[in-house]
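Q: To start, I am sharing the structure in question, which I have written as structure tokens.
Numbering (the working numbering), first residue to last: 762 to 933.
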């Protein structure tokens with residue numbers, strides 16, 4: 762197995778090994794956080810192919826993938842459908858409540874989940890998960906509580922790095 766290019770603690774890898782459900786915020790995590798609007802006012806988003814492939818690899822290896830996002834757009838729905846993301850919680854104002862409902866629905870303990878966020882709205886979920894991540898361009902308060910901060914910014918392979926860690930920890 763190829764080693765990852767990151768310094769990861771044994772504790773982080775032990776937690777990562779137990780993850781059954783990987784959850785991600787969207788704006789600032791799966792995208793660079795920029796919002797683009799076309800002439801009709803429709804929101805456009807830029808997603809990274811490496812991130813998408815990482816999410817697909819998680820699913821192919823038995824790790825469920827979900828999105829909890831305060832925003833909702835056609836561009837996001839199209840991307841999530843293209844990746845066959847089963848758990849699409851978008852337009853969510855209370856991410857913690859949505860997270861807790863998802864855990865109940867999936868019958869998964871919070872210690873078997875991870876969440877990647879970048880802003881203060883993500884902190885309550887990050888504090889309840891077994892493992893939390895942030896991106897390099899995340900808000901300082903989010904980065905301070907994350908178990909690991911990616912060296913990449915959101916939308917630039919950060920989610921892929923997290924996917925790689927989860928797969929690596931399981932020997933996949």
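All C-beta atoms, glycine included, are put in the ideal place defined by N, C-alpha and C.
#1: Residues in its own chain within less than 8 Å of residue 903 by CB, not counting five upstream and five downstream?
#2: In the structure shown, what three-state DSSP assignment does residue 902 receive?
#3: I believe residue 927 touches residue 771 by the beta-carbon criterion, under 8 Å. Please report the beta-carbon distance rounded to the nearest angstrom.
#4: Can you give me the start and stop residues for the alpha helix (DSSP H) that residue 814 sits inside?
#5: Residue 790 bridges to which residues according to DSSP?
#6: What are the uninterrupted segments assigned as alpha helix (DSSP H) that are 4 or more residues long and contained completely in the segment 844-885, given in chain order?
#7: Can you find the residues in the same chain that come closer than 7 Å, C-beta to C-beta, to residue 799, ignoring five residues on each side of it along the sequence?
#8: Please state whether DSSP places residue 929 in a helix, a strand or coil.
#9: Check whether the Cβ atoms of residue 777 and residue 930 sit closer than 7 Å, and answer yes or no.
#10: Taking Cβ positions, are residue 826 and residue 820 nearer each other than 7 Å?
#11: Using CA atoms only, rank isn't needed, just tell me which of 765, 766 and 790 is closest to residue 893.
#12: Near residue 786, what residues of its chain come up, given a Cβ to Cβ distance below 7 Å and the 5 sequence neighbours on each side ignored?
#13: For residue 933 and residue 920, I'd like the C-alpha separation in whole angstroms.
#14: Helix, strand or coil: how does DSSP classify residue 825 here?
#15: Which residue comes first and which comes last in the beta strand (DSSP E) that contains residue 800?
#16: Can you tell me where the alpha helix (DSSP H) with residue 769 in it begins and where it stops?
A: Looking at the atomic coordinates:
#1: Taking the chain shown and counting its residues from 1, the one referred to as residue 903 is at position 142. The answer, listed in chain order, is 878, 879, 880, 881, 883, 884, 887 and 895.
#2: Here residue 902 refers to the residue found at position 141 when the chain shown is read from its first residue. Residue state, collapsed to three classes: helix.
#3: Position 166 of the chain shown holds residue 927. Position 10 of the chain shown holds residue 771. Contact doesn't hold; Cβ gap of about 15 Å is too wide.
#4: Position 53 of the chain shown holds residue 814. Looking at the DSSP string, the run of the alpha helix (DSSP H) that includes residue 814 is 810-821.
#5: Here residue 790 refers to the residue found at position 29 when the chain shown is read from its first residue. Per DSSP, none; premise fails for residue 790.
#6: 856-867
#7: As a working note, residue 799 is residue 38 in the chain shown. The answer, listed in chain order, is 805.
#8: For the purposes of this step, residue 929 is taken as the residue at position 168 of the chain shown. Reduced to three states, the DSSP call for residue 929 is helix.
#9: Numbered from its first residue, the chain shown carries residue 777 at position 16. Numbered from its first residue, the chain shown carries residue 930 at position 169. Yes, the pair counts as a contact, with Cβ atoms nearer than the cut-off.
#10: As a first step, residue 826 is located in the chain shown; it is residue number 65 there, counting from the start. As a first step, residue 820 is located in the chain shown; it is residue number 59 there, counting from the start. Contact: yes.
#11: By 1-based counting over the chain shown, the position of residue 893 is 132. Of the candidates 765, 766 and 790, the one whose C-alpha sits nearest the C-alpha of residue 893 is 790.
#12: For the purposes of this step, residue 786 is taken as residue 25 along the chain shown, with counting starting at 1. Counting only Cβ-Cβ distances below 7 Å, and skipping sequence neighbours, we find 829, 830, 877, 878, 879 and 883.
#13: The sequence position of residue 933 within the chain shown is 172, counting from 1. The sequence position of residue 920 within the chain shown is 159, counting from 1. Distance between the alpha carbons of residue 933 and residue 920 is about 17 Å.
#14: Your numbering for residue 825 matches position 64 in the chain shown. It is a strand residue.
#15: Translated into positions along the chain shown, residue 800 becomes position 39. Premise fails: residue 800 is in no beta strand (DSSP E) and is neither H nor E.
#16: Within the chain shown, numbered from 1, the residue matching residue 769 stands at position 8. Run containing residue 769: none; DSSP gives neither H nor E here.
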